[in-house]
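Let me begin by presenting the structure, written as structure tokens, before commenting on it.
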């Protein structure tokens with residue numbers, strides 16, 4: 060961070076969940092890989108998944124999985140993709156790769172933020188999956204609103220989810236923390252500032268170009 064950001068100018072801080080609050084490198088990313096490999100019968104590298112995520116337009120992991128399959132000349136029914144994906148991710152009664160997820164924002168920092176800001180989450184993951192993770196890591200009480208997939212008609216980069224969260228919280232001066240181009244675009248379209256989280260070494264410039272006012276390496280860095 061450049062040190063120019065003043066958090067006390069905001070009423071609320073909104074967070075993306077995947078890759079920001081929760082490490083999904085061994086959960087959603089694996090579900091994408093396993094699902095694509097299941098239908099294609101060939102190996103898929105995580106580097107390809109990351110590259111597609113970083114280029115934008117694939118906030119929904121089901122869509123990203125479909126794109127990988129289509130790149131190789133195969134068409135699979137979307138519902139079949141979703142069913143197989145959810146089987147890998149959720150397993151039976153949440154015993155799938157979702158169990159590999161790790162919480163990233165320390166409790167100490169979360170408590171500091173909660174004392175000074177209204178906190179919310181705007182995520183593209185299904186609501187039940189978001190709530191499960193919050194309960195699992197005992198962090199649900201810190202967030203005043205959780206906007207999930209079912210709550211909005213269209214995913215990021217459309218600002219609908221962020222606008223809904225602002226409306227529900229009755230605030231206008233807010234900050235959104237995300238890790239993708241789509242996150243930055245959605246925040247700017249909603250009329251609020253955005254902090255970008257770096258995934259790779261070259262992410263800083265890329266995220267700044269699409270609207271981030273600051274770029275950090277970890278969600279814990281935002282309270283520096």
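Residue numbers (this note's numbering): 60 to 283.
Even for Gly, the Cβ is constructed at its ideal location relative to N, Cα and C.
The model shown is predicted, which means the values in this text are computed figures rather than measured ones.
Discussion item. Between which two residues does the alpha helix (DSSP H) holding residue 219 run?
Written reply: 219-228
Fill in: First and last residue of the uninterrupted beta strand (DSSP E) at residue 201
Unbroken run through residue 201: none, as it is neither H nor E.
Practice prompt. Measure the alpha-carbon distance for residue 211 versus residue 167 and round it to whole angstroms.
Written response: 31 Å
Discussion item. Please classify residue 139 as buried or exposed, where buried requires at least 16 neighbouring CB atoms within 10 angstroms.
Written reply: exposed
Worksheet item: From residue 207 to residue 173, what distance separates their C-alpha atoms?
Response: 21 Å
Worksheet item: If you pair each beta-carbon of the region 92-107 with each one of the region 250-268, do three or more pairs fall below 8 Å?
Response: no
Fill in: As assigned by DSSP and simplified to three states, the class of residue 163
coil
Fill in: Option nearest residue 190 by Cα separation, candidates 225, 230, 205, 149
205
Worksheet item: Can you tell me the Cα-Cα spacing of residue 120 and residue 162, whole angstroms?
Response: 19 Å
Practice prompt. Spatial neighbours of residue 275 within its chain, please: CB distance less than 8 Å, with the 5 preceding and 5 following residues excluded, ordered by chain position.
Written response: 60, 254, 255, 256, 257, 281
Fill in: Cβ pair residue 221, residue 202 closer than 7 Å
No, the pair does not count as a contact, with Cβ atoms beyond the cut-off.
Worksheet entry | Residues bridged to residue 73 [DSSP beta-bridge criterion] | Residue pairing by DSSP puts residue 73 in a beta bridge opposite 179, 235.
Worksheet entry | Inter-residue CB distance, residue 177 and residue 71 (contact presumed, cutoff 8 Å) | 4 Å
Fill in: the region 126-140 / the region 95-111 touching (three or more Cβ pairs under 8 Å)
yes
Item to complete: Kindly list the residues whose CB is nearer than 8 Å to the CB of residue 277, restricted to its own chain and excluding five residues on each side of it in sequence; keep chain order.
Response: 163, 256
Discussion item. For residue 213, which residues in the same chain have their Cβ closer than 8 Å to its Cβ, ignoring the five residues on either side in sequence?
Written reply: Here the set comprises 219.
Fill in: Status (buried if at least 16 other CB within 10 Å, exposed otherwise) for residue 239
buried
Fill in: Proximity test, residue 273 beta-carbon vs the ligand ADP heavy atom, cut-off 6 Å
The model on display carries no ligand, and the ligand ADP is accordingly not part of it.
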